[in-house]
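Chains as they are written, first to last, in our numbering: chain A, 1 to 296; chain B, 1001 to 1180. Reading through the structure tokens given below for one structure.
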Amino acid sequence: MVICIPRFNVYIPKDVSDALNALSQRKDLIPMGGGSDLLVLIRSGIVKADTVLDLWPLRKELAYIKRENGTVRIGALTTVSELCESDLIKDVRYAGLADVCKKFSTPFIRNIATVGGNVGAAHPLSDIALMLLVLNGKVKLLSKNGEREVNIAKFFKGKRRTVRNHDEIIAEVSFTETPPNSSTAFIKFDRRWGHAMGYVLVGAYMQLRDNIIKDVRIAFDSTGNPYPERVWTTEEFLKGKEFSDELIKQALNNVLPKEMKRITDYRASAEYRLDLSKVLLRRALLKIKSRIEGGG
Amino acid sequence: MSVIPREEWDKYPDIEITLNVNGKDYKVKVKPYERLLDVLRYKLGFTGVKEGCGRGECGACVVLMDGKLVPSCLVLAVRANGSKVLTVEGLAPEGKLHAIQKALLDTYAVQCGFCFPGVILAIKALLDRNPNPTDEEIKDALSGQLCRCGSYLRFIKAVKLAAQYIREGKEYFDESGARG
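Encoded structure:
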């Protein structure tokens, strides 16, 4: 029986420093988190792998969710199901992450897909990366020579390309705890539930005080570049104004279309995507408002 | 298994791993690129693990690894080293049917049956943590299991029936009286 599977070697590190040493010495290592993305890419021939660095053994060090000193830290090798079962997403401020959990691929993929892998894959439809954008998250990169933190808004360079150097691994994502009168929402629109990629993804964070928008951050799966990005002009337009239907209508009709360039492909047309972006952003903002006011 | 050119024989070394499959320990030599699916199906003979798409989309190859539902086509065999794996063969003792299997038969959900090993294990993973699931919870838990015959609505009935069997303490049934 002949099975055509691409052949590659696997480097199994003992601990984090072993993995970092190996990465600094060998140029052919490709780090792999859960493998739900990379193994598919290797099998379909998109990525040519000689040796894969299996990061799974580092889970004893890099799988955690910690909330201390006003910062939420999530280890890069925390699986999506661990995030979804944590107390963090029960907090109404992070209800957007609970929205992510409901629509994130399928239960068995959630068991192997990791938070760091979702960010590092740098795919436009990366749900967790999108939520980190609106939570103003940071990505911690570790290398043999030390560590650095990159704001996630500056982390992506292109489709499947990030500012991560070859000898670095994503160790942690973190964000500052948001103020009490704020919340988040995430909406993914697709025809089906399981394995939904989404025609349009929107994530939003808003802080309301006396119905005035104190702070707002909005991110879409794509605004022209093939990676998730924030819509800065729309955010600026909304900031400091009173939350009303008229204000949202103005933002959606006059501001958002100017900074959003959508593409047409086999899944949806640009016009449809733009229209959908407007509808979903409105829904997301209304959802956040109701969450802040104690609704679901 | 796959045909490897002679010059590459040494390039990919054999790695010995230990696996506990359905309660029995196995020592098996695997190649680094082999998936848990290849090892279970072709080296150990657990053909209840089906390969559908090979990219984690169809849910036919799922197994319970250390109690967690994982797609065996996306787990490298070396990563499964030392873990406990449950496939559909290990669900009930020889000659018996598990309540989930009985419920699927009772609701006439079986058509071609290719997706069934995956569906059964997905239902087990659901009922292990939630003995009384709602329709929505069942739909979410089975959202990754593709059934091209379209038995989806019967799956929901079957999960509720299986949950009822297990609640009544009837976990195993005789194979002979399976079809009513």
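Every residue gets a Cβ at the ideal spot worked out from N, C-alpha and C, and that includes glycine.
Check, Outcome
"Euclidean distance between Cα positions of Phe220 of chain A and Gly203 of chain A", "6 angstroms"
"Cβ-based neighbour list, Gly1054 of chain B, same chain, cut-off 6 angstroms, excluding 5 preceding and 5 following", "Cys1073"
"Beta-carbon proximity of Ala1158 of chain B to Thr1087 of chain B, cut-off 8 angstroms", "no"
"Ile169 of chain A to Asn118 of chain A span [Cα, whole Å]", "13 angstroms"
"Ala284 of chain A versus Gly96 of chain A - alpha carbon distance", "9 angstroms"
"Whole-Å CB distance - Ala1162 of chain B paired with Gly1118 of chain B, under 8 angstroms assumed", "Not really, about 15 angstroms apart at Cβ, beyond 8 angstroms."
"Chain B contacts made by the region 4 to 15 of chain A, where a contact means CB separation under 8 angstroms", "Cys4, Ile5, Pro6, Arg7, Phe8, Asn9, Val10 and Ile12"
"Reduced DSSP secondary structure (H/G/I, E/B, other) of Leu1142 of chain B", "coil"
"Rounded separation between Asp245 of chain A and Val134 of chain A - CA only", "22 angstroms"
"Under 8 angstroms from the C-beta of Val1078 of chain B: neighbouring residues of chain A", "Val10, Ile12 and Asp54"
"Check: Leu1153 of chain B C-beta below 7 angstroms from any heavy atom of the ligand GDP", "Judged by which ligands are present, the structure shown has none, so any question about the ligand GDP falls away."
"Ala328 of chain A: first and last residue of the uninterrupted beta strand (DSSP E) it sits in", "Residue 328 of chain A is absent from the model: chain A starts at 1 and stops at 296."
"DSSP three-state assignment for Arg230 of chain A, whether helix, strand or coil", "strand"
"For Cys1058 of chain B and Gly1023 of chain B, the rounded distance between their alpha carbons", "26 angstroms"
"Residue-chain proximity (Tyr1033 of chain B, chain A), Cβ-Cβ < 8 angstroms", "yes"
"For Lys1170 of chain B, the three-state DSSP class (helix, strand or coil)", "coil"
"Rounded Cβ spacing between Phe186 of chain A and Met131 of chain A (contact assumed at less than 8 angstroms)", "6 angstroms"
"Val1063 of chain B vs Val1049 of chain B beta-carbon contact at 8 angstroms", "yes"
"Partner residues on chain B for Trp193 of chain A, Cβ-Cβ distance less than 8 angstroms", "Lys1139, Asp1140 and Ser1143"
"Contact between the region 69 to 79 of chain A and the region 106 to 117 of chain A (3+ Cβ pairs under 8 angstroms)", "yes"
"Spatial neighbours of Thr264 of chain A in its chain, beta-carbon cut-off 7 angstroms, leaving aside the 5 residues before and after", "Ala270"
"Buried or exposed by the 16-neighbour rule on C-beta atoms within 10 Å, applied to Lys66 of chain A", "exposed"
"DSSP state of Phe108 of chain A mapped onto helix, strand, coil", "helix"
"CB contact below 8 angstroms: Ile170 of chain A versus chain B", "no"
"Inter-stretch contact at 8 angstroms, needing at least 3 Cβ pairs: the region 1030 to 1048 of chain B / the region 1083 to 1100 of chain B", "yes"
"Selection of the region 1048 to 1072 of chain B by Cβ proximity to chain A, strictly under 7 angstroms", "Gly1054, Arg1055, Gly1056, Glu1057, Gly1059, Val1062, Lys1068, Leu1069, Val1070 and Pro1071"
"Length-filtered (3 minimum) beta strand (DSSP E) runs lying within the region 138 to 176 of chain A", "138 to 143, 146 to 151, 156 to 158 and 169 to 176"
"C-beta neighbour in chain B for Arg267 of chain A, strict 8 angstroms", "no"
"Rounded Cβ spacing between Glu177 of chain A and Gly70 of chain A (contact assumed at less than 8 angstroms)", "5 angstroms"
"Whole-angstrom distance between Pro6 of chain A and Ala1092 of chain B, CA atom to CA atom", "36 angstroms"
"Rounded C-alpha distance that separates Thr1047 of chain B from Phe1114 of chain B", "11 angstroms"
"Contact belief for Ser299 of chain A with Arg110 of chain A at Cβ below 8 angstroms, rounded distance in angstroms", "Summary: the structure shown does not reach residue 299 of chain A, with chain A confined to residues 1 through 296, and so no result is reported for it."
"Lys1170 of chain B versus B:Lys1102, B:Asp1010 and B:Leu1069, residue with shortest Cα-Cα distance", "B:Lys1102"
"Simplified DSSP assignment, three categories, for Asn9 of chain A", "strand"
"Any C-beta of chain B under 8 angstroms from that of Ser174 of chain A", "no"
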